[in-house]
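Notes for the one structure printed next.
Protein chains in written order, with this note's numbering: chain A, 1 to 291; chain B, 1 to 291.
Right under this line is the structure:
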C-alpha cells in the first residue's frame, strides 16, 4: 500500500506558494503559520480532494486552492487543540507544538490567521470554478468546521471523559471532530468536479466511513503506537480519561470496526463506474497506517 | 448626538435569530457564543453597514446577514484578545470575560465557532444579493481579518510595547487591528448596495478616517475614561506599556487628531449627493462617545 508521495510534494509546493504570497508584517505571524503548516503532515485531506477530482479526470492543479484551504483549516485546528487550555500537547509530529515554539499568544493568533486565510484560498478556486461552485464550497466548509462540525466536536471532546459519557457522545465526537473535515474533503473534490447528485451521495458515504475508520485508527495508535513513529506523546487519551474506541470496545473489536468501515467506504464507490483505484488504495492505507 | 438605538434593537433581534437557528449540542458552546455576542455591545460595525446601505435606500433587513457576520467576527476577536495569553482582560463590558465565565478552552473554541459561523452568515446574504456580490463580500472580509488585516494588527500589538516601537508601528496596529474591520463594514455596506467605483472609493476614505478616530478615542478612554462607564479595566495600556496615541502624542494632541480625522471622514462623503446625514451623525458620535 503505497501513499501518493508525489502528490504530497505537489500539495507542499502549493502550500509554499500560497504562504509566500501572503507574507508581510509581522514576521513572527508568518513564521508561526509556516512552522505549523510545514510540520511534516501527510496532507491526507488535500490528497482526498485531489484523488476524488482525479476520478473525474480533473487535474490536481485545478483543485489546489480548495485542497490547500482544507489543509489550512486542519492545521488551524491542530494548533488550537494543542494549546495548554485544551489538549496541552507539547509535541506535534515530533517537534515542539506551535505554542511551545512561538508562545501561546502567537499560536492562538497563527491558528486564527490560518482559519481566516483558508477562506482566501477557497476564493482562489474562482480561477477554475464557477461562482456558484465556489459559494457551494464555502458553504460546505462553513458547515463542516463550525457549530455543526469540527469545532462542536472539539468542544464535546473537551467537556467529556470516559466516566461521564457513552457511545453516543463518542460517536458525536468522532463524527464531528475528525469525520466532518474528511467527509468535506471528499465532497469538495466531487463538487469541484461537478459530480451529479448520485455521485456526490456515494462519495459522501465513502468519506463518512473513511473518516470514522481514520479516527478509530487514531485512537488505536494513541494506545499502542510508538511515540517515535507518531511524533507526539501517546497514551494521552488514557491519561485524560478520554472516551475512545479502544476504551469503549477494546482493541480487538475496535480494529474489526475500523476494518468494516474501510470495507463500507470502498463499497460505496465501486459501482460508480469511475476510475477510483487511488481512492481504494488510500482507504487501505488508512487501515494500515502506523502514524 | 443620538446613537441609532432602534437599529441596535434590530441588529440584536437578527443576531438572536441567527444564533437560535444554530443551536444544538454541546450546549456550553452555544451558551458561550451567546454570552459574548449579547454582552451589550454598541453594534457599531453592523450599524455602519446598515447606515451606508440606507444612504443607497437599501433597507436594513436586506443587509442583516453581512452586518451580523461582521459582528460575529468582532465578537470572536474580543474573546480571543481577552484570553490570559493575550490581553488577559477579566472584564468585558462590565461582565466577566468569556474565559472567566466558561473557562479558557471553551472561550478559545467559542471564538473559533463565531469566526466559522461568520462565513455561514455571509453566505446567507445570497437571499438578497447576487453570487458575485456575495463572493466579493467574502473576499473583503477575508482580507480585512487575516494576515493583511485584523489578526496581523493583533499580533503586532502583542509583540510591541512603547519602548521598542515607534509611530509607524502604532499606525500599523491601529490601521489593522481596529481600522480594517470598521473600513470593511463601510465597504460591505456600499458593495451590497451596488455602489459604483467612485462611491466605493469615497466611502472607503470615510471608513478609514472613522476607524482611526475610533481607535484614538479608544486609547484616550483607556487613559482617562471611567471603568464603570466603559465596563472594562482602564489604564491597562499604560500597565502593559502599550504604545497608544496618548502615550505618543499626549492627550491634547490625540484629541485634535481624532477631531481632524472625523472631519476628514465627513468630508469624504459630503459631495456624493446621497442622503448621508446618519453617517455624519455617527461620525460625530465617535468623537463624543464615553464608552
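We treat Cβ as the ideally placed atom computed from N, Cα and C, and that holds for glycine.
Can you find a heavy atom of the ligand FAD that lies under 6 Å from the Cβ of residue 167 of chain B? This structure simply doesn't include the ligand FAD, nor any ligand for that matter.
Residue 92 of chain B - DSSP class collapsed to helix/strand/coil: strand
Range covered by the alpha helix (DSSP H) that runs through residue 192 of chain A: Per DSSP, residue 192 of chain A belongs to no alpha helix (DSSP H) and is neither H nor E.
Where the alpha helix (DSSP H) through residue 260 of chain A begins and ends: 251–270
If contacts are defined as beta-carbon pairs under 8 Å, then residue 135 of chain B and residue 134 of chain A qualify, I think. What distance do you get, rounded to the angstrom? 6 Å
Would you call residue 17 of chain A buried or exposed, if buried means 16 or more other Cβ atoms sit within 10 Å of its Cβ? exposed
Check each candidate in B/244, B/203 and B/185 and name the one with the smallest Cα separation from residue 65 of chain B. B/185
Near-chain B residues of the segment 67–86 of chain A (beta-carbon distance less than 7 Å), N- to C-terminal order: 80, 83, 85 and 86
Taking residue 73 of chain B and residue 60 of chain B to be in contact with their CB atoms under 8 Å, please state how far apart those CB atoms are, rounded to whole angstroms. Contact doesn't hold; Cβ gap of about 19 Å is too wide.
For residue 64 of chain A, would you say it is in contact with chain B, using Cβ-to-Cβ distances shorter than 7 Å as the test? no
Return yes when the Cβ of residue 26 of chain B is within less than 7 Å of the Cβ of residue 22 of chain A, no when it is not. no
Beta carbon proximity, residue 241 of chain A to chain B, threshold 7 Å: no
At which residues does the alpha helix (DSSP H) containing residue 3 of chain B begin and terminate? Segment: none, residue 3 of chain B is in no alpha helix (DSSP H) and carries neither H nor E.
Measuring alpha carbon to alpha carbon, tell me which of A/219, A/98, A/174 and A/33 ends up nearest residue 212 of chain A. A/174
Skipping 5 residues on each side, what residues in its chain have a beta carbon closer than 7 Å to that of residue 123 of chain B? 134
Starting from the beta carbon of residue 148 of chain B, find every residue of chain A whose beta carbon is closer than 8 Å, and list them in chain order. 22 and 24
Nearest chain B C-beta to residue 154 of chain A closer than 7 Å, yes or no? yes
Cβ-Cβ distance between residue 97 of chain A and residue 87 of chain A below 7 Å: no
Backbone CA spacing between residue 107 of chain B and residue 163 of chain B [nearest angstrom]: 31 Å
Can you find a C-beta in chain A that's less than 7 Å from the C-beta of residue 164 of chain B? no
Beta-carbon proximity check, residue 113 of chain B vs residue 75 of chain A, cutoff 7 Å: no
Of the choices A/289, A/125, A/132 and A/121, whose alpha-carbon is the least far from that of residue 126 of chain B? A/132
Of all the residues that make up the segment 34–61 of chain B, which are near chain A by a beta-carbon distance shorter than 8 Å? none
Determine the chain B residues that contact residue 145 of chain A at a beta-carbon separation under 7 Å, and present them in chain order. 116
With 16 other Cβ atoms within 10 Å as the buried cut-off, status of residue 270 of chain A: exposed
How many angstroms separate the CA atom of residue 208 of chain A from the CA atom of residue 79 of chain B? 33 Å
Among B/183, B/153, B/39 and B/288, whose alpha-carbon lies nearest the alpha-carbon of residue 91 of chain B? B/39
Residue 172 of chain A: contacting residues in chain B (beta-carbon distance under 8 Å): 25
Would you say the segment 196–210 of chain A touches the segment 257–267 of chain A, given that touching needs at least three Cβ pairs under 8 Å? yes
Compile a chain-ordered list of the residues in the segment 100–111 of chain A whose CB is closer than 9 Å to at least one CB of chain B. 103, 104, 105, 106, 107, 108, 109, 110 and 111
If we require 4 or more residues per run, which alpha helix (DSSP H) segments fall completely within the segment 54–103 of chain B? 64–82 and 98–102
Using alpha carbons as the reference points, say which of A/242, A/188 and A/45 lies closest to residue 165 of chain A. A/242
Assigned secondary structure, residue 33 of chain A (DSSP; H/G/I helix, E/B strand, else coil): helix
Would DSSP call residue 325 of chain A helix, strand or coil? Because chain A is modelled from 1 through 291, residue 325 of chain A falls outside the range shown and cannot be assessed.
If you draw a straight line from the C-alpha of residue 110 of chain A to the C-alpha of residue 129 of chain B, how long is it? 32 Å
Between the beta-carbon of residue 274 of chain A and the beta-carbon of residue 55 of chain A, is there less than 7 Å? yes
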